[in-house]
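This report concerns only the one structure given below.
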Amino acid sequence: MLRNDNFLRALSKQPVTRIPLWLMRQAGRYLPEYCETRKRAGGFMTLCQSADLACEVTLQPLARYDLDAAILFSDILTVPDAMGLGLYFETGEGPRFQRPLREEQAINELFAPDPYDSLAYVLDATRVIRKALDNSVPLIGFSGSPYTLACYMVEGGSSKDFRHIKTMLYTRPDLLHRILTVTSQAVTAYLNAQIENGAQAVMLFDTWGGSLSNAAYQEFSLAYMRQIIAGLRRERDGEKIPVIVFTKGGGLWLESIAESGCDAVGLDWTVSLGDARRRVGGKVALQGNLDPNVLFAPPQTIALEAEKVLASYQTAGDDMTGLVFNLGHGISQFTPPEHVHALIEAVHGYPR
Ligand code: CP3
Numbered sequence: 434m435l436r437n438d439n440f441l442r443a444l445s446k447q448p449v450t451r452i453p454l455w456l457m458r459q460a461g462r463y464l465p466e467y468c469e470t471r472k473r474a475g476g477f478m479t480l481c482q483s484a485d486l487a488c489e490v491t492l493q494p495l496a497r498y499d500l501d502a503a504i505l506f507s508d509i510l511t512v513p514d515a516m517g518l519g520l521y522f523e524t525g526e527g528p529r530f531q532r533p534l535r536e537e538q539a540i541n542e543l544f545a546p547d548p549y550d551s552l553a554y555v556l557d558a559t560r561v562i563r564k565a566l567d568n569s570v571p572l573i574g575f576s577g578s579p580y581t582l583a584c585y586m587v588e589g590g591s592s593k594d595f596r597h598i599k600t601m602l603y604t605r606p607d608l609l610h611r612i613l614t615v616t617s618q619a620v621t622a623y624l625n626a627q628i629e630n631g632a633q634a635v636m637l638f639d640t641w642g643g644s645l646s647n648a649a650y651q652e653f654s655l656a657y658m659r660q661i662i663a664g665l666r667r668e669r670d671g672e673k674i675p676v677i678v679f680t681k682g683g684g685l686w687l688e689s690i691a692e693s694g695c696d697a698v699g700l701d702w703t704v705s706l707g708d709a710r711r712r713v714g715g716k717v718a719l720q721g722n723l724d725p726n727v728l729f730a731p732p733q734t735i736a737l738e739a740e741k742v743l744a745s746y747q748t749a750g751d752d753m754t755g756l757v758f759n760l761g762h763g764i765s766q767f768t769p770p771e772h773v774h775a776l777i778e779a780v781h782g783y784p785r
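The opening position of the sequence shown corresponds to residue 434 in this note's numbering, with each subsequent residue numbered one higher.
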């Protein structure tokens, strides 16, 4: 039995003993101990590929802070790497692919990898982490959404204008649909394998869905996430496996995201939690949504800003059920680690 199941309870809109909280990218470069382990590993991918080191960094934020969930240490780009695109990290430049996906022939040859083969290292890490957590808090598994993965696959790395993928979307939508179909199959198998190996909730990171037009979002991002959710194993050992969908910049589409079959919707800081709860709170739980840059302010301000987010949620319901507190996007690598304490105390102490 989990000693702290508030995160899973909130996702099922059941009563909690405190508002659960975790932080996107909670294991990362803002922690000196992460930087030390990463240096020892020799690189980011070697860190992901060693189950013991991935476990070590997963647990680092939990040792420092009173968090209510752990997230598997890995990256969304492991899937396109397993599809043969050749992922590498150039220092200071973010992720890159050796073979971006632009040619029709390469797209036709694209295949969904068997996660137990080329992604076995992620599943090994999942098992090791789950064991090390020893039922203290739940373990979150994750994947990128097909559209977000396709952005990196087609652009060949990070992009500001998404020129290549949008050219494909408007010129050869059939090719993009083929990429998204195969990637959805890959993601479904990958998330089911994470669940099989111990993930107790899963999250789809749709970081770039918000760059699409309304119609294109429905057709090229949400439709594929819906397909994945329909193919996921939703229960293991008698426990429900909740699914969280996070489309950054997706506030406009809240109602349709809430109807995707997910249990919870992740929100960025542009949305009012109270409005969001009024719009979809009867249907799904919500996760979010403090601006990560608030963590640069002094601790008192951090507490006040966190309380504003919580109060906003509270205006739209009788109690605080159905909320998982998080940042609206990943924590910055420049965050002073000691500032995080003020946030956690404000959330767990709410209402004061
Ligand atoms: O949240 C966690 O603690 C779990 C681990 C995790 C990482 N990446 C580790 C990581 C998760 C859930 C991700 C998701 C991810 N990866 C997303 C979706 C969420 C988001 O941030 O929008 C995206 C778009 C990626 C792709 C990716 N990986 C980029 C763009 C970068 C470089 C950007 C940067 O911050 O420098 C990465 C590398 C990466 N993934 C790091 C970490 C801790 C930093 C790498 C390092 O140690 O040098």
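In this text, a Cβ means the ideal position worked out from N, Cα and C, and glycines have one as well.
Based on the DSSP output, what are the partners of residue 722 in its beta bridges?
759
Do residue 463 and residue 653 have their beta-carbon atoms positioned less than 8 Å apart in this structure?
Residue 653 places its beta carbon 8 Å or farther from that of residue 463.
Any heavy atom of the ligand CP3 within a distance shorter than 7 Å of the CB on residue 504?
yes
Flag residue 571 as yes when its Cβ comes closer than 7 Å to any non-hydrogen atom of the ligand CP3, and as no otherwise.
no
Using DSSP with H/G/I as helix, E/B as strand and the rest coil, what is residue 654?
helix
Flag this pair as yes or no: are the beta carbons of residue 483 and residue 496 separated by less than 8 Å?
No, the pair does not count as a contact, with Cβ atoms beyond the cut-off.
Going by C-alpha distance, which of 753, 593, 603 and 763 is nearest residue 680?
763
Let me make sure I understand the geometry here. Which of 726, 706 and 729 has the alpha-carbon closest to that of residue 718?
706
Does the ligand CP3 have a heavy atom nearer than 7 Å to the CB of residue 758?
Distance from the C-beta of residue 758 to the nearest heavy atom of the ligand CP3 is not below 7 Å.
Below 7 Å, is the gap between the Cβ of residue 705 and the nearest heavy atom of the ligand CP3?
No, the Cβ of residue 705 stays beyond 7 Å of every heavy atom of the ligand CP3.
Where does residue 531 land, buried or exposed, given buried means 16+ other C-beta within 10 angstroms?
exposed
CB contact flag (residue 755, residue 700, <8 Å):
no
Classify residue 434 as buried or exposed, calling it buried when 16 or more other Cβ atoms lie within 10 Å of its own Cβ.
By the neighbour-count rule (16 or more Cβ atoms within 10 Å), residue 434 is not buried but exposed.
Would residue 628 and residue 574 be called neighbours here (beta carbons separated by less than 8 Å)?
Yes.
Whole-number beta carbon distance between residue 449 and residue 467, since they are thought to touch under 8 Å:
No, residue 467 and residue 449 are not in contact; Cβ-Cβ is about 29 Å, not under 8 Å.
For residue 680, which beta-bridge partners are listed by DSSP?
639
Using DSSP with H/G/I as helix, E/B as strand and the rest coil, what is residue 707?
helix
Identify which residue in 608, 765 and 589 has its Cα closest to the Cα of residue 727.
765
Under the DSSP definition of a beta bridge, which residues are partnered with residue 628?
Residue 628 pairs with nothing; no bridge assigned.
Can at least three beta-carbon pairs, one atom from the region 440–458 and one from the region 661–679, be found at a separation below 8 Å?
yes
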